[in-house]
């Protein structure tokens, strides 16, 4: 069985954890011999950190990334996207030679991947929100549905959708999708507002498939007995986040930092805890975000007598290593 997992950004460690969990879940469902092809935003870099994965560049990125002309680049990009869609239509009608004429070798091979896949999965996460551009996502879904392949959305937090164009496109996509898995009821409401007939289910985040039940039981026991532990070891994960809706971003971030400083001081003063700041998204210089840099902004504000009990882990860890 051939399965495409698309829209991944696995240089983000949280996204990598979701991807690895999805693979595990699908292997449990369909067998260990499934072939997985991963369409990612930066596969040429990600392969250095995840060499075991079969990574390709997003089809949308293949169609536009090489176009650098500023003045007419937007028009050329639109033409290139339609070129790929025409090729996909030709291939869907088994007119392979015509499809090949419209594409280069890499683009054609990618379209054949989609045409020969048994299942297409859009990875889980929080990327179908209007804080971000949705063009690349829409393009991928439209290509998938042109081949009439079952399209599944893995565990999402999405919406709300207010822009009319987004609503129109997503209504068509959600209505034709085989299944949409959601992490919360609010996301389900956003889907139902657009496409009441969509097949949806609210379930736990796919990333929990990586959990170790024995380790969770131990952690629960440690939590219940935190005051009795000689030296509690506590990990804190932070994220540099600027999307505040009710306050100015600068004020929101300042409050966030103040809260974490207060939490750290409390844990050290009351429990004599050893604190490690560590995140799933750090230690990859090629990625645009490193959460350990934000952790340093917090720890530099700690009192000296507290700071000596606190460290910032800045290294890269794959999801399995991070869990351990």
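In this note's numbering, the protein residues as written are 154 to 477.
All residues carry an ideal CB built from backbone N, CA and C; glycine is no exception.
These figures come from a predicted structure and were not determined experimentally.
Let me check understanding here. Comparing Cα to Cα, which of 324, 389, 314 and 421 lies closest to residue 460? Position 307 of the chain shown holds residue 460. Considering only alpha carbons, the answer is 421.
Where residue 297 falls, given that 16 or more other Cβ within 10 Å makes a residue buried: By one-based count along the chain shown, residue 297 stands at place 144. Per the 10 Å Cβ criterion, buried.
Would you list the residues sitting across from residue 335 in a DSSP beta bridge? To locate residue 335, count along the chain shown from 1; it is residue 182. Per DSSP, 309 and 355.
Can you give, in chain order, each stretch of the alpha helix (DSSP H) that sits fully within the segment 199-232 and has at least 4 residues? 212-217
Does the structure place the segment 429-441 close enough to the segment 318-334 that three or more beta carbon pairs sit under 8 Å? no
Roughly how many angstroms separate the alpha carbons of residue 333 and residue 282, rounded to a whole number? Along the chain shown, one-based indexing puts residue 333 at 180. Along the chain shown, one-based indexing puts residue 282 at 129. Between residue 333 and residue 282, the C-alpha separation is close to 15 Å.
Using CA atoms only, rank isn't needed, just tell me which of 456, 373 and 300 is closest to residue 411. Taking the chain shown and counting its residues from 1, one reaches residue 411 at position 258. Checked all of 456, 373 and 300; the closest Cα to residue 411 is 456.
Confirm, please, whether the CB-CB distance from residue 237 to residue 486 is below 8 Å. The question about residue 486 has no answer, for the chain in this structure spans 154 to 477.
Rounding to the nearest angstrom, what Cα-Cα distance links residue 340 and residue 400 in this structure? Residue 340 sits at position 187 when you count from the first residue of the chain shown. Residue 400 sits at position 247 when you count from the first residue of the chain shown. Whole-angstrom Cα-Cα distance: 23 Å.
Would you kindly check if the distance between the Cβ of residue 199 and the Cβ of residue 277 is under 8 Å? The count along the chain shown starts at 1 and reaches residue 277 at position 124. The count along the chain shown starts at 1 and reaches residue 199 at position 46. No; because the gap between Cβ atoms is not below 8 Å, this pair is not in contact.
Alpha carbon to alpha carbon, how far is residue 396 from residue 168? Give it in angstroms, no decimals. In the chain shown, counting from the first residue as 1, residue 168 sits at position 15. In the chain shown, counting from the first residue as 1, residue 396 sits at position 243. Near 19 Å, if we compare the C-alpha coordinates of residue 396 and residue 168.
Please state whether DSSP places residue 159 in a helix, a strand or coil. Here residue 159 refers to the residue found at position 6 when the chain shown is read from its first residue. Reduced to three states, the DSSP call for residue 159 is strand.
So for residue 167, helix, strand or coil by DSSP? Within the chain shown, residue 167 is the residue found at index 14, counting from 1. Helix.
With DSSP as the reference, please indicate the residues paired to residue 370 in a beta bridge. Residue numbering aside, residue 370 sits at position 217 when the chain shown is read from its first letter. BP columns for residue 370 are empty, so no partner.
What first and last residue would you give for the beta strand (DSSP E) that runs through residue 463? Position 310 of the chain shown, counting from 1, holds the residue named residue 463. That run of the beta strand (DSSP E) goes 463-465.
Go to residue 386, then tell me how far its beta strand (DSSP E) extends in each direction, as first and last residue. Counting from one through the chain shown, the residue named residue 386 turns up at place 233. Its beta strand (DSSP E) spans residues 386-389.
Cβ pair residue 317, residue 343 closer than 8 Å: Taking the chain shown and counting its residues from 1, one reaches residue 317 at position 164. Taking the chain shown and counting its residues from 1, one reaches residue 343 at position 190. No. Outside cutoff.
For residue 274 versus residue 175, is the C-beta distance shorter than 8 Å? One-based indexing of the chain shown puts residue 274 at position 121. One-based indexing of the chain shown puts residue 175 at position 22. Cβ distance < 8 Å, so residue 274 and residue 175 count as in contact.
What are the start and end residues of the alpha helix (DSSP H) that includes residue 260? Counting from one through the chain shown, the residue named residue 260 turns up at place 107. Its alpha helix (DSSP H) spans residues 258-269.
Provide the residue span of the beta strand (DSSP E) that contains residue 192, from first to last. Residue 192 sits at position 39 when you count from the first residue of the chain shown. First-last of the beta strand (DSSP E) with residue 192: 188-193.
Kindly identify the DSSP beta-bridge partner or partners of residue 428. Counting from one through the chain shown, the residue named residue 428 turns up at place 275. Paired residue(s): 387 and 463.
Can you give me the C-alpha to C-alpha distance between residue 475 and residue 225, rounded to a whole angstrom? Your numbering for residue 475 matches position 322 in the chain shown. Your numbering for residue 225 matches position 72 in the chain shown. Their Cα atoms are separated by approximately 45 Å.
Those residues which DSSP pairs with residue 275 across a bridge: What you label residue 275 is simply residue 122 of the chain shown in a count that begins at 1. Per DSSP, 159 and 306.
Just the Cα atoms here: how many angstroms apart are residue 244 and residue 268? For the purposes of this step, residue 244 is identified with residue 91 of the chain shown, where counting begins at 1. For the purposes of this step, residue 268 is identified with residue 115 of the chain shown, where counting begins at 1. Going from the Cα of residue 244 to the Cα of residue 268 covers about 7 Å.
Buried or exposed for residue 256, going by 16 or more other Cβ atoms inside 10 Å? Translated into positions along the chain shown, residue 256 becomes position 103. Counting Cβ neighbours within 10 Å, residue 256 comes out buried, since at least 16 surround it.
Among 166, 189 and 177, which residue has its Cα nearest to the Cα of residue 154? Here residue 154 refers to the residue found at position 1 of the chain shown. Closest option to residue 154, Cα to Cα, is 189.
If distances are taken between C-alpha atoms only, which option among 448, 441 and 368 comes closest to residue 195? Locating residue 195 in the chain shown gives position 42, counting from the first residue. For residue 195, the nearest C-alpha among the options comes from 441.
Mind checking residue 423: buried by the 16 CB within 10 Å criterion, or exposed? For this step, residue 423 is matched to residue 270 along the chain shown. It counts as exposed.
Should residue 331 and residue 352 be called a contact, given that it needs their Cβ atoms to be closer than 8 Å? For the purposes of this step, residue 331 is taken as residue 178 along the chain shown, with counting starting at 1. For the purposes of this step, residue 352 is taken as residue 199 along the chain shown, with counting starting at 1. Yes, they are a contact pair.
Beta-carbon separation of residue 387 and residue 426 under 8 Å? Translated into the one-based positions of the chain shown, residue 387 becomes position 234. Translated into the one-based positions of the chain shown, residue 426 becomes position 273. Yes. Within cutoff.
In terms of residue numbering, what span does the alpha helix (DSSP H) encompassing residue 482 cover? Any question about residue 482 goes unanswered here, given that the chain covers just 154 to 477.
Alpha carbon to alpha carbon, what distance is there between residue 202 and residue 471? Numbered from 1 along the chain shown, position 318 holds the residue referred to as residue 471. Numbered from 1 along the chain shown, position 49 holds the residue referred to as residue 202. Each residue's alpha carbon lies about 8 Å from the other.
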